[in-house]
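What follows is a single structure, written as structure tokens, with notes after it.
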Amino acid sequence: MRWWSVANFVSNAGTWMQLTVQNLLVLEITGSAAATGLSMSVQAAPALLMSVLGGAAVDRWPRKLTAAVSQALLGAIAFTTAVLVALDQLGMTSLMVLAAATGVVATVDNPACALLGNDLVPAEDVPSAIGVGALVHQSGRLVGAALAGVAVGFLGTSSAYFANGVSFLFVASVIPFLRPAAGAVRQVAVDARQHSGARMTVREGLVFFARRPRLTALAGVTGISAVFGRNYQLTLAVLVTGPLAGGAGSFGTVSTVLAAGGILGAVLGARLRRPSVRLVGVLAAGGALLQVVAGLSPSVAVLIVLVLPMAVVESVSDTAGTAVLQTDPPAHLRGRVLGVWGSIGTVWSLGGPPALGLLMELAGARGALVIGGLLIAGAVGAGHLLRRRRSTRPLVLRTEEGDVVGHPTLSTAA
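Numbering of the sequence shown is given in this note's numbering, commencing with residue 964 and proceeding in unit increments.
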């Protein structure tokens, strides 16, 4: 697990180096902000339809081999892009093709790597392992964004892509030496024997997800939170530079506090032992109410004070939700369930920012934060009340002729 965490840190740092310079590269090639957004959508779009297929592949193929091959393919794409940039041969068409190829490979790589990390610890430690993964992700994001500026300044734009390719190869070289925890190996072996004769179809994963109330509730809470909250880089940027009359420096401070809160939340999330959908809902509602207060902030200083707990709550909620998603399904279905989740999450990531942008156009930055927070808290509260009503409804049995008063209506045989 230590080796896997180090490898993921290196990989995340390389990925964020590439993401940091990719938008600048598109702007340099086209001079169009719309083209920048298009490149991000092209990379994310394959997950909309292909994540379910990628999840099925992860359930069917050996997990370590699948993760190693997908990491090597992502490294090859990064190296190809680096060479084209260095030779000044990268056009918008080739960039879009490479971005789409990255998105296709990621539909297999994401669930494979997520479940491989869970195999490295006993089942009871999976929530902690997911929390460690979140901590590694946040740390790699900070380091990668910082290194991108240094690398581009001294070595040029292609260096960021080259560094990302090296990071993928490092992960691929570590995977063959990973030793899964004994408990995880036994669980996977049991599920493999039980389901070796069954067809591991995509439909099986879809049906399981749709018929699992915990997972559908988790999807609802996460979805409304993703659309009307969490897009703080957008809403807080407009709030700081608009109504609060702050500059780029003030927003930089807010972004730093957000990142620090994410790291702190990942540390706290790693201590969770029994995460639940109820906990995710409570945290989502609490974060939404903090968002409402943040939207009413009279100054940047007050906003900074509120941003830290907002980021902590969001990070702990994400860790808890991921733990439920990766541990609730039986082992032989987890890849396909993660695939379904990837498709759903792509809908949020593609549709959320435009919906939030429209809300900001109509209600302003403050109004978007306040209205969005109230919608999230209201939806979570309504879902909780509906669940209580359904679970506490009394069972009424009709009295039939011949029933004996004081005796059970149903016989032992019945």
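For glycine and all other residues, C-beta sits at the position ideal for the given N, C-alpha and C.
For PHE1140, is the classification buried or exposed, using 16 other Cβ atoms within 10 angstroms of its Cβ as the cut-off for buried?
Classification of PHE1140: exposed, given that the 10 Å Cβ count is below 16.
What residue does the alpha helix (DSSP H) around PHE1191 start on, and which one ends it?
From DSSP, the alpha helix (DSSP H) with PHE1191 extends over 1176-1191.
When DSSP labels each residue in this structure, what does ASP1022 get in the three-state scheme?
Reduced to three states, the DSSP call for ASP1022 is helix.
The ligand MN and ALA1331: does the residue's C-beta get closer than 8 Å to at least one heavy atom of that ligand?
Ligands are entirely absent from the displayed structure, and the ligand MN is therefore not among its contents.
For GLN1052, which three-state DSSP category applies?
In the structure shown, GLN1052 sits in coil (DSSP, three-state: anything other than H, G, I, E or B).
Determine the direct distance from the alpha carbon of SER1121 to that of ALA1045, and round the result to whole angstroms.
Straight-line Cα distance between these residues: approximately 5 Å.
Applying the 10 Å Cβ sphere with the 16-neighbour rule, what's the burial state of SER1262?
Per the 10 Å Cβ criterion, exposed.
Kindly confirm or deny that the region 1042-1060 and the region 1277-1287 touch, where touching means at least three C-beta pairs closer than 8 Å.
The region 1042-1060, when compared against the region 1277-1287, does not touch it at the 8 Å Cβ threshold.
Take the Cβ of GLN1196 as the centre, count every other Cβ of all protein chains shown within 10 Å, and call the residue buried at 16 or more, exposed below.
Its Cβ having fewer than 16 others within 10 Å, GLN1196 is exposed.
Just reading off the alpha helix (DSSP H) that ARG1241 is part of, what are its end residues?
Counting along the chain, the alpha helix (DSSP H) containing ARG1241 begins and ends at 1240-1258.
Check whether the Cβ of ALA1145 lies closer than 9 Å to any Cβ atom in chain C.
The chain labelled as chain C is not found in the depicted structure, where only one protein chain is given.
So what's PRO1074 in DSSP terms, helix, strand or just coil?
Helix.
So for ASP1281, helix, strand or coil by DSSP?
Correct three-state label for ASP1281: helix.
Apart from the five residues just before and just after ALA1328, which ones in its own chain have a Cβ nearer than 7 Å to its Cβ?
If we look at ALA1328 and ignore the five residues flanking it on each side, its Cβ neighbours are THR1198, VAL1201, LEU1202, GLY1205 and PRO1206.
Can the beta-carbon of LEU1266 be found less than 9 Å from the beta-carbon of ALA1257?
For LEU1266 and ALA1257, yes; Cβs fall inside 9 Å.
Need the endpoints of the alpha helix (DSSP H) that HIS1100 sits in, please.
That run of the alpha helix (DSSP H) goes 1089-1118.
Which residue comes first and which comes last in the alpha helix (DSSP H) that contains ALA1222?
1211-1232 is the span of the alpha helix (DSSP H), which, as asked, contains ALA1222.
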